[in-house]
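Protein chains in written order, with our numbering: chain D, 1 to 216; chain S, 1001 to 1216.
Ideal Cβ placement from N, Cα and C applies to all residues, glycine included.
Number of protein chains: 2
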Amino acid sequence: MPKRVDHEQRRRQIGEALLRIASTRGLQSATMREVAAEAGVSLRLVQYYFHTKEQLLLAALAYLAEQLTARVSASIRALGPVTSRTVVYGTLTAVVPTDEESVRLTRAYTGFYTLVFSEPEMAERHGAAYPDKLESLLAKHIAAAQEAGEVAEDVDPALTAAALLALTNGLGSSVLGGQRNGAAALRILNDQLGRLFRDQDQGRENQDPLPVRATP
Amino acid sequence: MPKRVDHEQRRRQIGEALLRIASTRGLQSATMREVAAEAGVSLRLVQYYFHTKEQLLLAALAYLAEQLTARVSASIRALGPVTSRTVVYGTLTAVVPTDEESVRLTRAYTGFYTLVFSEPEMAERHGAAYPDKLESLLAKHIAAAQEAGEVAEDVDPALTAAALLALTNGLGSSVLGGQRNGAAALRILNDQLGRLFRDQDQGRENQDPLPVRATP
DNA sequence: CGCTTGATGATACGCTCGTATCACTATAAG
DNA sequence: CTTATAGTGATACGAGCGTATCATCAAGCG
């Protein structure tokens, strides 16, 4: 037998190459040949480790989910002691495309999300309960904050969690579409979060002179 | 000379065929040949009336914008006398994919929106100030409602308008992605709008037994 | 050592895409 | 009645795609 190479490492190398293409040139230009070139391997190798393109896409999606959860939990931890409030803030602000990493993640994620519009079979094969889990997690923490008196009583946790996630997704799209920059998106999100949590220093994020629109 | 056919009518027929494909099979399957078949004409005719595919896409996008504005203003009128409140409600609820028409429009719109991620040149060639105009319009009406005492004073009209539009876009995506149905999305939007406008009957939309999640 | 077998390279196949070419038709203008 | 020309059809071209085929290489086992 030959080299007995580490398959998982190779698959990762190729999968991350796909993610790199998806977050720069877009997922639709992530062809087998492009991925091979980006990963620095031959086309045959991509075929060897992923028998079909769908398998490659699914593997890359798993890697992306991994990176996303890592960023989210890092963002939560960065906010200090873990409370319901920091979980909600950390989770949502982590996925708004502000710095270079979040732009990369959002670009790649959006690519996969829109791919589902045309290939609904892929969603099933992936499980794809990711947004649903996030939503119920947020709802749980909003309810907890509500019982702690940090959130108004007339707030519906489930509806609000869904709204916050949809808002964050919409903000991400608007940044990727060039409608505004990440700082402006973050300001809009923080305004809503501040209103929800009735922060004493609510609106603090709006005092900086950054414009709401992107500077093209 | 031959028949002297009405060019504008033919272009419309072909452009709407593309929209029909975009809202059913997705914009990426709207190839020149598919559009020709859907419109009931030959491939050559599509090439004849639109020299290139980009011209076809731009024309179809214009038709889509036409239909969208028509639906929005119809939705506003349907809410009775035109006030700032009805403009905001009518505009936002009109673009949430609930009935068959709004699903069609949202699907097609999303297709074009995601196309811009890969072909940013198309956005420039189209002007594309559509979302920006909507946003400032909403901000204006929120500010007006604020002066009329219908909206709390600590609300930032610009930030809130942006948030509502992003929320609506995100809700549309979640419906298209199968995460929830149109009724649930509308309930989430109405919850936020009711909170913003401090409706006396706020939460009325939540009393029906419809589930927040879609029934798959 | 020699053979088996996992890993890799080169290349081809069949398809679809946007676009181009060439011929033909039928009508309005002169 | 011609005749130029707007409109239309059939078909081809070159490129890129995912996938398949075949040969080769090298390492471990008997």
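Report task. Just the C-alpha distance for D/Leu79 and D/Glu16, rounded to the nearest angstrom, thanks. Result -> The sequence position of residue 79 of chain D within the first sequence is 79, counting from 1. The sequence position of residue 16 of chain D within the first sequence is 16, counting from 1. So the alpha carbons of these two residues sit roughly 29 Å apart.
Query raised in the report: With D/Tyr109 and D/Leu64 assumed to form a contact (beta carbons below 8 Å), what rounded beta-carbon distance in angstroms separates them?
Result: Taking the first sequence and counting its residues from 1, the one referred to as residue 109 of chain D is at position 109. Taking the first sequence and counting its residues from 1, the one referred to as residue 64 of chain D is at position 64. Confirmed, about 6 Å.
Query raised in the report: With a cut-off of 7 Å, does the C-beta of D/Ile217 fall near any C-beta of chain S?
Result: A question about residue 217 of chain D goes unanswered here, because the residues of chain D that appear run from 1 up to 216.
Query - Within chain D, partners of S/Pro1110 - CB distance below 8 Å - result: Numbered from 1 along the second sequence, position 110 holds the residue referred to as residue 1110 of chain S. The amino acid at residue 1110 of chain S is misidentified as Pro; the sequence shows Thr. In chain order: Thr114, Phe117.
Query raised in the report: What do you reckon, are the CB atoms on D/Ala163 and D/Glu135 nearer than 7 Å?
Result: Within the first sequence, residue 163 of chain D is the residue found at index 163, counting from 1. Within the first sequence, residue 135 of chain D is the residue found at index 135, counting from 1. No, Cβ-Cβ distance for D/Ala163 and D/Glu135 is not below 7 Å.
Report task. Look at the Cβ atom of D/Val96, then the Cβ atom of D/His141, and state whether they are nearer than 7 Å. Result -> Position 96 of the first sequence, counted from the first residue, corresponds to residue 96 of chain D. Position 141 of the first sequence, counted from the first residue, corresponds to residue 141 of chain D. No. Outside cutoff.
Report task. Could you say which of D/Arg71, D/Ala166, D/Ser102 lies nearest to D/Gln192 if we only look at CA atoms? Result -> The count along the first sequence starts at 1 and reaches residue 192 of chain D at position 192. Closest option to D/Gln192, Cα to Cα, is D/Ala166.
**Report entry** Backbone CA spacing between S/Pro1211 and D/Leu159 [nearest angstrom]
**Finding:** Here the question's residue 1211 of chain S lines up with position 211 in the second sequence. Here the question's residue 159 of chain D lines up with position 159 in the first sequence. Bear in mind that the predicted position of S/Pro1211 carries a pLDDT of just 46, short of 50, making it unreliable; the figure below should be weighed with that in mind. C-alpha separation (whole angstroms): 11 Å.
Requested in this report: List the residues of chain S that D/Ala167 touches, going by C-beta distances under 8 Å, in chain order.
Outcome: Counting from 1 along the first sequence, the entry for residue 167 of chain D is found at position 167. Note on residue identity: the sequence assigns Leu, not Ala, to residue 167 of chain D. Neighbourhood of D/Leu167 in chain S, by CB distance below 8 Å: Ala1163, Ala1166, Leu1167, Gly1170, in chain order.
Query raised in the report: For S/Thr1091, which of S/Gln1055, S/Ala1139, S/Arg1107 has the nearest alpha-carbon?
Result: Taking the first residue of the second sequence as 1, we reach residue 1091 of chain S at position 91. Distances from the alpha-carbon of S/Thr1091 to those of S/Gln1055, S/Ala1139, S/Arg1107 put S/Ala1139 closest.
Report task. Below 8 Å CB to CB, which residues in the same chain sit around S/Arg1033 once its five sequence neighbours on both sides are set aside? Result -> Taking the first residue of the second sequence as 1, we reach residue 1033 of chain S at position 33. Once the five neighbours on either side are set aside, the close Cβ partners of S/Arg1033 are Leu1043.
Query raised in the report: Of all Cβ atoms in chain D, is any one closer than 7 Å to the Cβ of S/Ser1102?
Result: Here residue 1102 of chain S is taken as the residue at index 102 of the second sequence, counted from 1. It does not; no Cβ of chain D falls within 7 Å.
Requested in this report: Identify the contact partners of S/Ile1188 in chain D, using a Cβ-Cβ distance below 8 Å as the criterion.
Outcome: Position 188 of the second sequence, counted from the start, is the residue given in the question as residue 1188 of chain S. Going along chain D in sequence order, the residues near S/Ile1188 (Cβ under 8 Å) are Leu159, Ala162, Ala163, Ala166.
Requested in this report: Note down, in chain order, all residues in the region 124 to 135 of chain D with a beta-carbon under 8 Å from any beta-carbon belonging to chain S.
Outcome: Pro131, Asp132
**Report entry** Proximal residues of chain S, C-beta to C-beta of D/Gly15 below 7 Å
**Finding:** Taking the first sequence and counting its residues from 1, one reaches residue 15 of chain D at position 15. Simply none; closest approach about 21 Å.
Report task. With DSSP collapsed to three states, give me the class of S/Asp1132. Result -> The sequence position of residue 1132 of chain S within the second sequence is 132, counting from 1. S/Asp1132 falls in the helix class under three-state DSSP.
Query raised in the report: Of the choices D/Ser73, D/Val35, D/Leu196, whose alpha-carbon is the least far from that of D/Gln146?
Result: Start at 1 with the first residue of the first sequence, and residue 146 of chain D comes out as number 146. Among D/Ser73, D/Val35, D/Leu196, the Cα nearest to that of D/Gln146 is on D/Leu196.
Query raised in the report: Can at least three beta-carbon pairs, one atom from the region 1034 to 1053 of chain S and one from the region 1007 to 1025 of chain S, be found at a separation below 8 Å?
Result: In short, these stretches touch, since the Cβ pair count reaches three.
Query raised in the report: Are the region 1044 to 1053 of chain S and the region 1066 to 1082 of chain S in contact at 8 Å, needing three or more beta carbon pairs?
Result: no
Query - Straight-line gap, D/Pro131 to D/Ala94 (C-alpha atoms, nearest Å) - result: As a position in the first sequence, residue 131 of chain D is number 131, starting the count at 1. As a position in the first sequence, residue 94 of chain D is number 94, starting the count at 1. Approximately 14 Å between the Cα atoms of the pair.
Query raised in the report: What separation, rounded to the nearest whole angstrom, lies between the Cα atoms of S/Ala1062 and S/Arg1010?
Result: Stepping through the second sequence from its first residue, residue 1062 of chain S is reached at position 62. Stepping through the second sequence from its first residue, residue 1010 of chain S is reached at position 10. When rounded, the distance between both Cα atoms is 15 Å.
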